[in-house]
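J.: One structure coming up, written as structure tokens, with questions to follow.
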């Protein structure tokens, strides 16, 4: 038995894959502790895993902050410079305490204290990436929020994207000053920019998504392994009204904005309701703490487990967060992506390239555009057949088992290319 700490930060999409991995490692006899914000303690304990609180304590109730954090262009800077880096000293202290008796650290890509803790404790660590845009590949250009057209260029796209990446590294260099200060206070060398260069472990880097979604590129870490998505299935909700709604007519269109973007929903759900009325379609709306819509053809509720309801939907309209997209792929349903910021534009573009969806940026969303896109999806059987084929492939993968195999090899194989 090994003591393994998994460090993560963010929304449910940043938590659920690690719960799935933690459950698999526990099943193999290891002692697993999830080190994350206290808001997730109930979820972690409910999965049968040990919990260790790590600051900062995040809140999904601050609407003004959520809107800024989900801004297409400025969102990443807000998250880094207001939600993560100002607390890096506290994060380090809490994570160090969690790891001091551990044998290995599994670290989420935006848990920037993790590599520093591992360096101080001289412990092996494994880095995990949830979505492919974190690699900033010049060979598989991601759709970057500020310049989505870059990924649509042909052969010149690679060169232009390389230039854009270099310029971006220069632009965000100052963001990481709190990390450099922390390293200096601990007697460590400054190191390279943690956003780009100290993100990936020399022991093993895991991509917790499907090779159907993205394939390994030349400029990814050489010790990278694509494991497949790590799905965590929450207990099903036994709601008679949901059962009755699902059985009362044709499969509904499901609308969700995940657990983070939903706080910055704006008029999204009002647009959805109007589109449903115009199209004379039934819908399920997962609205968080938003308004309740009363209509015989609409089932509105704060949240439902995706693994339970996505397979029952005709198609899914969502914010394109990686956790939500993974569940869409597994369910084998077409989707309309409404990306806000961060990795969402790239995730939505990848689904579109798979031939199973369309996308509309949130800032461009109107009733007319959503209705047109949904009509095109519903009336074209190619989207459905392609989505079903992708779903069959994704369901054959076992991400948690593949990731756990790789993690266990870190203990037995001395090479850094495990």
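Numbering (the numbering used here), first residue to last: 175 to 592.
Glycine is no exception: its CB is placed at the ideal position from the N, C-alpha and C atoms.
What first and last residue would you give for the beta strand (DSSP E) that runs through residue 208?
T.: Within the chain shown, numbered from 1, the residue matching residue 208 stands at position 34. It spans 205-210 - the beta strand (DSSP E) in which residue 208 sits, taken as one unbroken run.
J.: Within the present structure, is the beta-carbon of residue 399 separated from the nearest heavy atom of the ligand SAM by less than 8 Å?
T.: Ligands are entirely absent from the displayed structure, and the ligand SAM is therefore not among its contents.
J.: For residue 312, report the span of its beta strand (DSSP E) as first-last.
T.: By 1-based counting over the chain shown, the position of residue 312 is 138. Run containing residue 312: none; DSSP gives neither H nor E here.
J.: With residue 280 as the anchor, note down where its beta strand (DSSP E) starts and where it stops.
T.: As a position in the chain shown, residue 280 is number 106, starting the count at 1. Segment 278-282, the beta strand (DSSP E) holding residue 280.
J.: By Cβ distance below 7 Å, which residues in the same chain neighbour residue 572 in space, the five residues on each side in sequence not counted?
T.: Against the chain shown, residue 572 aligns to sequence position 398. Answer for residue 572: 402, listed in chain order.
J.: In the segment 222-250, which residue ranges form an unbroken alpha helix (DSSP H) of at least 4 residues, counting only runs that do not cross its ends?
T.: 237-243
J.: Can you give the Cα-Cα distance for residue 428 and residue 484, rounded to whole angstroms?
T.: Against the chain shown, residue 428 aligns to sequence position 254. Against the chain shown, residue 484 aligns to sequence position 310. The straight-line gap from Cα to Cα measures roughly 8 Å.
J.: For residue 219, does the count of other Cβ atoms within 10 angstroms reach 16, so buried, or fall short, so exposed?
T.: Here the question's residue 219 lines up with position 45 in the chain shown. The residue is exposed, with fewer than 16 neighbouring Cβ atoms inside 10 Å.
J.: Just verifying my parser: in three-state terms, what is the DSSP assignment at residue 366?
T.: The count along the chain shown starts at 1 and reaches residue 366 at position 192. Correct three-state label for residue 366: coil.
J.: Could I get the ranges of all uninterrupted beta strand (DSSP E) runs contained in the segment 385-418, with 3 residues as the minimum, in chain order?
T.: 398-400, all fully within the segment 385-418.
J.: How is residue 553 classed by DSSP in three states: helix, strand or coil?
T.: Residue 553 sits at position 379 when you count from the first residue of the chain shown. Coil at residue 553, not helix or strand.
J.: Let me know if residue 279 comes out buried or exposed under the rule of 16 or more other beta-carbons within 10 Å of its beta-carbon.
T.: In the chain shown, the residue the question calls residue 279 occupies position 105. So residue 279 counts as buried.
J.: Pull up the DSSP beta-bridge partners for residue 428, would you.
T.: As a working mapping, residue 428 is identified with position 254 in the chain shown. Beta-bridge pairing links residue 428 to 458 and 490.
J.: When you compare only the Cα positions, how much space is there between residue 222 and residue 272?
T.: Within the chain shown, the letter at position 48 stands for residue 222. Within the chain shown, the letter at position 98 stands for residue 272. Spanning the two alpha carbons is a distance of roughly 17 Å.
J.: So the candidates are 338, 413, 260 and 237; which of them puts its Cα closest to the Cα of residue 313?
T.: Position 139 of the chain shown, counting from 1, holds the residue named residue 313. Residue 338 is the option with its Cα nearest to residue 313.
J.: Can you give me the Cβ contacts of residue 498 inside the same chain, cut-off strictly under 6 Å, excluding the 5 residues immediately before and after it?
T.: Here residue 498 refers to the residue found at position 324 when the chain shown is read from its first residue. Taken in chain order, the residues that qualify are 432 and 492.
J.: Could you give the DSSP three-state label for residue 180: helix, strand or coil?
T.: Here the question's residue 180 lines up with position 6 in the chain shown. Three-state result, residue 180: strand.
J.: Can you tell me the Cα-Cα spacing of residue 261 and residue 183, whole angstroms?
T.: For this step, residue 261 is matched to residue 87 along the chain shown. For this step, residue 183 is matched to residue 9 along the chain shown. Spanning the two alpha carbons is a distance of roughly 12 Å.
J.: So what does DSSP say about residue 473, is it helix, strand or coil?
T.: What you label residue 473 is simply residue 299 of the chain shown in a count that begins at 1. The answer is strand: DSSP assigns residue 473 an E or B state.
J.: Pick out whichever of 471, 305 and 216 has its Cα sitting closest to the Cα of residue 394.
T.: One-based indexing of the chain shown puts residue 394 at position 220. With distances taken between Cα atoms, residue 394 lies closest to 305.
J.: Distance, Cα to Cα, residue 536 vs residue 518?
T.: Your numbering for residue 536 matches position 362 in the chain shown. Your numbering for residue 518 matches position 344 in the chain shown. Distance between the alpha carbons of residue 536 and residue 518 is about 11 Å.
J.: Report yes if the CB atom of residue 369 is closer than 9 Å to the CB atom of residue 244, and no otherwise.
T.: Here residue 369 refers to the residue found at position 195 of the chain shown. Here residue 244 refers to the residue found at position 70 of the chain shown. No, Cβ-Cβ distance for residue 369 and residue 244 is not below 9 Å.
J.: Any idea if residue 555 is buried or exposed, counting beta-carbon neighbours within 10 angstroms, 16 or more meaning buried?
T.: Along the chain shown, read from residue 1 onward, the residue named residue 555 stands at position 381. Exposed: under 16 other Cβ atoms inside 10 Å.
J.: Answer yes if the segment 366-380 comes into contact with the segment 538-545, meaning at least three C-beta pairs across the two stretches below 8 Å, and no otherwise.
T.: The segment 538-545 and the segment 366-380 do not touch, with fewer than 3 CB-CB distances between them shorter than 8 Å.
J.: Excluding the five sequence neighbours on either side, which residues of its own chain have a C-beta within less than 6 Å of the C-beta of residue 188, listed in chain order?
T.: For the purposes of this step, residue 188 is identified with residue 14 of the chain shown, where counting begins at 1. So the list reads 182, once near-sequence residues are dropped.
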